[in-house]
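These notes are about the structure you will find just below.
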Amino acid sequence: MKRLFAKLAAILAFGLYLNATPALASSATEAALAADPVAEKRLTKLSEELRCLVCQNQNIADSNAELAQDLRREIRGMIKEGKSDKEIIDFMVARYGDFVLYRPPVQGNTLLLWVGPIALLIFGLSALIAYQRRRAARVAAEDKPLSADEASRADALLKELDNK
Amino acid sequence: MIPELGHFALILSALVALILGTLPLIGAHTNRMAWVAVARPAATAMALLVTFSFACLTQAFVANDFSVVYVAQHSNSLLPIQYRIAGVWGGHEGSLLLWILMLTWWAFLVAMLSRQLPEAMVARVLGTLGLVGFGFLLFILLTSNPFERLLPAAAEGRDLNPLLQDPGLVIHPPLLYMGYVGFSVAFAFAIAALLSGKLDAAWARWSRPWTMAAWIFLTLGIAMGSWWAYYELGWGGWWFWDPVENASFMPWLIGTALIHSLAVTEKRGSFKNWTVLLAISAFSLSLLGTFLVRSGVLTSVHAFATDPRRGIFILIFLVAVIGSSLALFAARAPKVGLGGRFGLVSRESLLLTNNVLLVVACATVLLGTLYPLLIDALGVGKISVGPPYFNAVFVPVMTPILFLMGVGPFARWKEASIPEIAKAVKWALVVGALVAIVLPLLYGQWHAMTALGLLLAAWIVATAILNFVERVRHTRAGRGFVATALSQPRTFVGMHLAHIGIAVFVVGVTMVGSYQDEKDIKLAPGQSVDVAGYHFTFNGVKAVEGPNYVAAQGDFDLAVDGKFVRKMNPEKRNYHSSAMPMTEASIDAGFLRDVYVSLGEPIDRDKPEGEWAVRVYYKPFVDWIWGGCVLMSLGGLIAMLDRRYRVRARAAAPVSAGAQQA
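Quick note, the sequences are listed as chains A and B, same order. Be aware that the first sequence starts at 42, since it is given in the numbering used here, and climbs by one per residue. Be aware that the second sequence starts at -11, since it is given in the numbering used here, and climbs by one per residue.
See the structure below:
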């Protein structure tokens, strides 16, 4: 599914770049960069992770808004300058804050968000096991007559008490 | 005049709902049969009044009555008739009225189809639905009246959002709302059972078909929405983890847990409290979804309204419904019996594990949806939670569910043995492994995630077939194989069909995610492009006039191996009422793949006869995503029509007979 989204973003980024900025599309450098599939893949992967801040709930790969076009162009430029993905993301966060990231960074105020699902899973499964144990004990106590073994042990205990 | 009649009927229906929500409940509690008898007529009256009111609003749309604010905002005299009718639920007020309409129809259906139920039970179920209906009617009357007049009347309407002018609008919201609101029936049954103190197998049996019906609608509604997004938005995607999608997905997850839990409660008498809690949760999540969407607390493409009064009203309503039902639950739950015993490895145990995993999956989606709102409200940061997050956390929780889906049907009730199950399913594992290894190689690229998806899908199908064959063998008793196969209980057949639907869905998601191919290029008339062996020739663009838009329509020839297959005509539409152009993709749908052409913009805006930006996609197995959902719904429908839900409920349902019908 993740791959699907990556590919989707790829389509969107390039598609809308053509779609929305015809002037750019004909620019020689842009076209040259767009022809480089590796750079294009990086651009789409990055723009999939970034929120279009003036849109309702779209990443900058999906969005047709001017801001998204500008940011895509800017990322393209940074890729061309040889910046790493991390540098580009850091630049975006420095400019727009964490809000721009669709994959929130792991930090103090997102700890619960990232740990939550794992904690929920562990909690759910432990609660399940605990419940089953407790339930088995309650059901046994409620309606099970003593087994022959238990009865003989009980007898033995009673006898021991009597002998004391 | 007609809008006033509609408004008046709505006020009357609120009064009827109040009567329905009080007299029958009190009557059932104090044994006043005359009050109990009010339930059915009141539910019928409520449904009739709301239907009349809805018809009045529809009439205002059809007749282009722009003296009604809501109509003036969401319609236009140029709008084709089908969208004028569907436009009734194209905005906040109308979609709320549709919500209420569905609720009253469900209540009416319960009133009609519950002759075999004890009168007091019917009274409590309908009474609960009446109270819910009253809350929503009050909401619409106080904050969102769709019949408000505009004086002087507008000369022309503002038009329906072009994005909504699609057959999808005619089908998607009604299906989705039928599902959402349908869980109110499961909820009402749970509340009625808690009120009466009789949480027994009979209660579970009564509520099962209703819950299943709601689940079927919700499944189809979500699938329809996804398909609509796929062909309409022009991006070729099918799920975006948008908060509003999540709002419909959460009740689906809990509803799925609920139909499994109800099966245990009916057949084994166990998990009663848990089942009740799930029924309350499924409906509460439907309400929460309504709150999130309608209050405008989410920044989402679906949010119509941002009036704080509405948000506060729904929030109060939400707290009242959830609070009172949980209080009732807390008061009654400790007195509920445990039901039969079962071992750590047993059908019960596996179904409980399925439930826990589904609830965890739902809680995860809830966490991701609400977290940004919470930390923003607390003032500790502004963050976004999007697809990268959801994909990372959701897949690991769903994987064990898909695996256990293959094991569950082989496990016996009460006590199952792992070696026995392993022996029964070992061939399914072999088949799964083979498919996972070979199929990706046939497609040229082997990835671990692709293989995992295919392994799980093949595993589910193979185990379903093995389980079916095994059961037929054991129940033959001298009859022919086919005859025995055809006489299996519908719940059993439906279950496997629905599970196979999940497998089909997983195949679709996996294949389109792994092997989708696309090209985004500039094409001048006469030029062509190849993607995955499909050859597209662009013949140019011509202007086409629609009822309320003008479109640039592309003309493409699709060819395979040099042979012409068909014409494809994607459009770029400019609606008179909107500055935003709409993309109408052209899709050649097929069993094993879709090919999808979508028109961008002319490279030079002044020369539409020149080069155009074009996107072409090859999407293997993409229709399996929705096909799987249809199979799930079909499985649900077959299970729902099982003979045993139609016979008169016996006072004490023989548990052993039910237990054999796995």
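Glycine included, every Cβ here is placed at the ideal spot set by N, Cα and C. Please read all numbers here as calculations on a predicted model, not as lab measurements.
Per-residue burial, residue i [other beta carbons within 10 Å of its own, 16 or more giving buried]
i, result
"Ala72 (chain A)", "Low confidence applies here, because Ala72 (chain A) scores a pLDDT of 46, under 50, leaving its location unreliable; read the following figure in that light. With fewer than 16 other Cβ atoms within 10 Å, it is exposed."
"Ala308 (chain B)", "exposed"
"Glu559 (chain B)", "buried"
"Gly327 (chain B)", "buried"
"Gly441 (chain B)", "buried"
"Arg478 (chain B)", "buried"
"Ala197 (chain A)", "exposed"
"Glu458 (chain B)", "exposed"
"Ala189 (chain B)", "buried"
"Asp111 (chain A)", "exposed"
"Lys555 (chain B)", "exposed"
"Ser167 (chain A)", "exposed"
"Met100 (chain B)", "exposed"
"Ala69 (chain A)", "Residue placement at Ala69 (chain A) cannot be trusted, given a pLDDT of 39 that sits under 50; what the coordinates show is reported in the next sentence. It counts as exposed."
"Lys323 (chain B)", "exposed"
"Tyr431 (chain B)", "exposed"
Selected residue, minimal CA-CA separation from residue i, among the options
i, options, result
"Lys510 (chain B)", "B:Glu597, B:Gly624, B:Lys186 and B:Asn52", "B:Glu597"
"Ala577 (chain B)", "B:Met570, B:Val610 and B:Ser214", "B:Val610"
"Thr387 (chain B)", "B:Ser405, B:Leu346 and B:Val373", "B:Leu346"
"Lys595 (chain B)", "B:Phe552, B:Gly616, B:Gly623 and B:Pro513", "B:Pro513"
"Trp194 (chain B)", "B:Gly356, B:Val98 and B:Arg461", "B:Val98"
"Leu113 (chain B)", "B:Asp147, B:Tyr165, B:Glu81 and B:Leu183", "According to the sequence displayed, residue 113 (chain B) carries Val and not Leu. Comparing Cα positions, the closest option is B:Leu183."
"Ala399 (chain B)", "B:Asp592, B:Arg335 and B:Thr451", "B:Arg335"
"Asn557 (chain B)", "B:Leu546, B:Ser574 and B:Ser565", "B:Ser574"
"Tyr606 (chain B)", "B:Ile626, B:Ala531, B:Phe524 and B:Tyr537", "B:Phe524"
"Asp505 (chain B)", "B:Phe391, B:Gly521, B:Val423 and B:Phe493", "B:Gly521"
"Val497 (chain B)", "B:Val426, B:Leu157, B:Val481 and B:Trp226", "B:Trp226"
"Phe237 (chain B)", "B:Thr352, B:Phe317, B:Gly466 and B:Ala439", "B:Thr352"
"Asn343 (chain B)", "B:Val385, B:Ile302 and B:Asp364", "B:Val385"
Rounded separation between residue i and residue j - CA only
i, j, result
"Ala27 (chain B)", "Leu11 (chain B)", "8 Å"
"Ser337 (chain B)", "Thr199 (chain B)", "22 Å"
"Ala5 (chain B)", "Phe122 (chain B)", "5 Å"
"Glu191 (chain A)", "Val333 (chain B)", "24 Å"
"Val529 (chain B)", "Leu84 (chain A)", "30 Å"
"Ala95 (chain B)", "Leu117 (chain B)", "7 Å"
"Ile69 (chain B)", "Phe205 (chain B)", "25 Å"
"Val548 (chain B)", "Val604 (chain B)", "14 Å"
"His290 (chain B)", "Tyr218 (chain B)", "Caution applies to His290 (chain B), whose pLDDT of 46 falls short of 50 and renders its modelled position unreliable; the value that the coordinates give is listed next. His290 (chain B) and Tyr218 (chain B): Cα-Cα distance of roughly 16 Å."
"Ile210 (chain B)", "Ser1 (chain B)", "30 Å"
"His248 (chain B)", "Val449 (chain B)", "19 Å"
"Leu151 (chain B)", "Leu66 (chain B)", "16 Å"
"Ala601 (chain B)", "Val281 (chain B)", "35 Å"
"Trp203 (chain B)", "Tyr165 (chain B)", "11 Å"
"Cys617 (chain B)", "Thr207 (chain B)", "6 Å"
"Ile300 (chain B)", "Phe279 (chain B)", "9 Å"
"Pro140 (chain B)", "Met(-11) (chain B)", "15 Å"
"Ala174 (chain B)", "Asn261 (chain B)", "14 Å"
"Ala178 (chain A)", "Arg329 (chain B)", "10 Å"
"Gly588 (chain B)", "Gly75 (chain B)", "28 Å"
"Trp331 (chain B)", "Met393 (chain B)", "At residue 331 (chain B) the sequence reads Gly, which differs from the Trp that was named. Going from the Cα of Gly331 (chain B) to the Cα of Met393 (chain B) covers about 19 Å."
"Arg194 (chain A)", "Leu340 (chain B)", "35 Å"
"Arg176 (chain A)", "Val110 (chain B)", "32 Å"
"Tyr537 (chain B)", "Leu157 (chain B)", "18 Å"
"Gly615 (chain B)", "Val500 (chain B)", "14 Å"
"Phe552 (chain B)", "Val583 (chain B)", "14 Å"
"Phe526 (chain B)", "Arg113 (chain A)", "28 Å"
"Asp131 (chain A)", "Asp592 (chain B)", "36 Å"
Whole-number beta carbon distance between residue j and residue i, since they are thought to touch under 8 Å
i, j, result
"Ile73 (chain B)", "Phe49 (chain B)", "6 Å"
"Thr18 (chain B)", "Leu89 (chain B)", "Not quite, the Cβ-Cβ distance comes to about 32 Å (not below 8 Å), so this is no contact."
"Leu355 (chain B)", "Gly157 (chain A)", "5 Å"
"Asn52 (chain B)", "Gly(-6) (chain B)", "Wrong, their Cβ atoms sit about 16 Å apart, outside the cutoff."
"Arg144 (chain A)", "Tyr359 (chain B)", "No, Arg144 (chain A) and Tyr359 (chain B) are not in contact; Cβ-Cβ is about 13 Å, not under 8 Å."
"Ile116 (chain A)", "Ala109 (chain A)", "The pair is not a contact, with the Cβ atoms about 11 Å apart (cut-off 8 Å)."
Residue i: contacting residues in chain E (beta-carbon distance under 7 Å)
i, result
"Val156 (chain A)", "You won't find chain E in this structure, because its protein chains are A and B."
- Between the segment 91 to 99 of chain A and the segment 137 to 153 of chain A, do at least 3 Cβ pairs fall closer than 8 Å? Three or more beta-carbon pairs separated by less than 8 Å link the segment 91 to 99 of chain A to the segment 137 to 153 of chain A, which places the two stretches in contact.
- Query: Between the segment 133 to 153 of chain B and the segment 43 to 63 of chain B, do at least 3 Cβ pairs fall closer than 8 Å?
  - Reply: Yes: at least three Cβ pairs fall under 8 Å.
- Stretch-stretch touch, CB-based, cutoff 8 Å, three pairs: the segment 560 to 570 of chain B with the segment 486 to 493 of chain B: Judged by pairs of C-beta atoms under 8 Å, the segment 560 to 570 of chain B does not touch the segment 486 to 493 of chain B, as fewer than three such pairs exist.
- Query: Does the segment 261 to 268 of chain B come close enough to the segment 230 to 249 of chain B that 3 or more CB-CB pairs lie under 8 Å?
  - Reply: Yes: at least three Cβ pairs fall under 8 Å.
- Query: Three or more beta-carbon pairs under 8 Å between the segment 418 to 427 of chain B and the segment 359 to 379 of chain B, yes or no?
  - Reply: Result no; under three Cβ-Cβ pairs closer than 8 Å.
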